[in-house]
Structures are given as structure tokens and as C-alpha cells.
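In UniProt numbering, the protein residues as written are 1 to 100.
Backbone N, C-alpha and C fix where the C-beta goes; we use that ideal spot for every residue, glycine too.
Okay, so here's the structure we're looking at.
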């Protein structure tokens, strides 16, 4: 038992006797990887939990087409500049396609 305390092992079980509780389904013992023995960092858990929590938020917008409207139209593949559709707002469309 001293070896089990210093080197944790994982049991490998056969698929035929997967419901057996008497230990007859154990096929082999493999040593546990060192990465599985590392401690869990609380800052990683907090960060990942916060990012996953954001996935369940319901999106909302003022308009049904919000995020799909653009203030610029392309002149084609050969032209590197874009036509900006001017609206009532003077600064509309600035930065629609990044640096020019």
C-alpha cells in the first residue's frame, strides 16, 4: 500500500463487466499523470467560470437588424477604398472597414 500513496494509480476496467462491483472488471492499473496531481488554481476556475457564464446571456438590441447593418459599401475587390453612406449624422460610417 505504500506504493499507492506515493504513486497514485488509475484502474482500467473492461467493457464486458462494466456493471460489476466486486472488482472483477479491473484489467490493469496505470500510474496517474503528473498533470493530474497538480493543484487547481482558483484564479483559473474563477476566470473560466465567468467566461462560461457569459455564454448563457440573452442578446438584446434596439433593432431586429442590429449588428447586420453596415455604413459602408465595397467598390469591389480591386479598389481598396469604400464608399461611406452618409446619413443625417456627420460622422456616420467612420472606421467601418478599419484602416485605409
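Tell me the DSSP secondary structure of residue i in three-state form.
i: residue 44; result: helix
i: residue 64; result: coil
i: residue 51; result: helix
Under DSSP, the beta strand (DSSP E) around residue i begins and ends at which residues?
i: residue 110; result: Nothing can be reported for residue 110: it is not among the residues displayed for the chain, which extend from 1 to 100.
Bridge partners for residue i per DSSP, in chain order?
i: residue 13; result: 26
Sorted by chain position, which residues of the same chain lie with C-beta nearer than 8 Å to residue i's C-beta, five sequence neighbours on each side aside?
i: residue 39; result: none
Excluding sequence positions up to five away, which residues of its chain have a Cβ less than 7 Å from the Cβ of residue i?
i: residue 26; result: 11 and 13
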